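Visitor: For the sequence shown, this note's numbering assigns the number 290 to the initial residue and increments by one for each residue that follows. Even glycine gets a Cβ: it sits at the ideal position worked out from N, Cα and C. Source: prediction; values computed, not measured.
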Amino acid sequence: MVAGVRCQSMSEHAPFDSAKYRQVLGHFPTGVTVITAAPRGEPVGLAVGSFSSVSLDPPLVAFFPDRSSSSWPKIEAAGAFCVNILGEDQEDVCRRFAMKGDDKFAGLGWEAAAATGSPLLDGVIAWIDCEIHSAVDAGDHYCVMGLVKELDVTHDGPPLLFFRGGYGRFAI
Ligand SMILES: Cc1cc2nc3c(=O)[nH]c(=O)nc-3n(C[C@H](O)[C@H](O)[C@H](O)COP(=O)(O)O)c2cc1C
290 MVAGVRCQSM SEHAPFDSAK YRQVLGHFPT GVTVITAAPR GEPVGLAVGS FSSVSLDPPL
350 VAFFPDRSSS SWPKIEAAGA FCVNILGEDQ EDVCRRFAMK GDDKFAGLGW EAAAATGSPL
410 LDGVIAWIDC EIHSAVDAGD HYCVMGLVKE LDVTHDGPPL LFFRGGYGRF AI
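1) Please list, in chain order, all residues of the same chain as D429 whose beta carbon is under 7 Å from its beta carbon, the five residues on each side excluded.
2) Work out the CA separation of I324 and S307 for me, nearest whole Å.
3) Measure the alpha-carbon distance for C383 versus K393 and round it to whole angstroms.
4) Nearest to D441 by CA position, among C419, G455, L397, is which residue?
5) Taking the straight line between their C-alpha atoms, what separation do you get for S339 and G315?
6) Taking only heavy atoms of ligand 1 into account, decide whether any of them is closer than 7 Å to the Cβ of M388.
7) At 4 residues or longer, and completely inside the stretch 370-403: list those alpha helix (DSSP H) runs for me, N to C.
8) Evaluate Q268 with the Cβ neighbour count: other Cβ atoms within 10 Å of its Cβ, from every protein chain shown; 16 or more gives buried, anything less gives exposed.
9) Within the same chain, show all residues whose beta-carbon is closer than 7 Å to that of H422, passing over the 5 residues directly before and after it, in chain order.
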């Protein structure tokens with residue numbers, strides 16, 4: 290922890306306006322990814338907007354799964370994950386992976402990424418295949434870092450975006 294900085298939970302702190310927190314943070318636009326893994330060959334995944342590049346040397350990326358995520362413990366068990374960056378025509382894929390359930394992959398095309406076996410979804414813009422580097426508590430989420438093993442761009446179409454609670458497209 291950085292000296293002099295203390296992270297307080299809401300119960301320790303003066304009343305915190307969580308609706309305002311959501312409203313203000315919703316003004317930060319993100320891309321949309323699906324984080325996948327295949328523990329014991331069974332594909333799992335969830336939609337994630339909290340993806341970021343972190344470090345070039347060593348090559349690290351990060352995302353933040355909610356403590357309530359049912360996919361995260363399975364991804365953690367796999368020890369690896371693939372970041373699938375969605376294109377603007379993949380809103381339906383995002384919605385599918387933003388729900389809970391065991392049949393998220395039903396009827397969906399994918400192949401196993403060579404380095405980790407994690408699902409690489411058909412039609413994504415780009416993918417980043419990782420081993421789990423570390424996972425630490427981050428309030429009501431975890432901060433998960435991945436060591437990049439392989440990555441590539443699949444096509445140069447525009448990305449799917451998420452902004453103020455809705456889906457959008459990139460325009461210049
Ligand atoms: C655009 C978008 C971004 C999301 N980002 C995250 C995220 O960063 N972390 C997270 O835990 N859930 C995120 N979610 C919500 C999860 O996808 C959702 O809770 C899902 O049902 C979790 O599935 P699971 O229980 O199988 O893990 C996001 C959903 C959407 C639509």
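Guide: Inspection of the coordinates gives the following:
1) D355, R356
2) 26 Å
3) 10 Å
4) C419
5) 12 Å
6) yes
7) 380-386
8) Residue 268 lies beyond the range of the chain shown here (290 to 461); nothing can be said about it.
9) L349, M434, G435, L436
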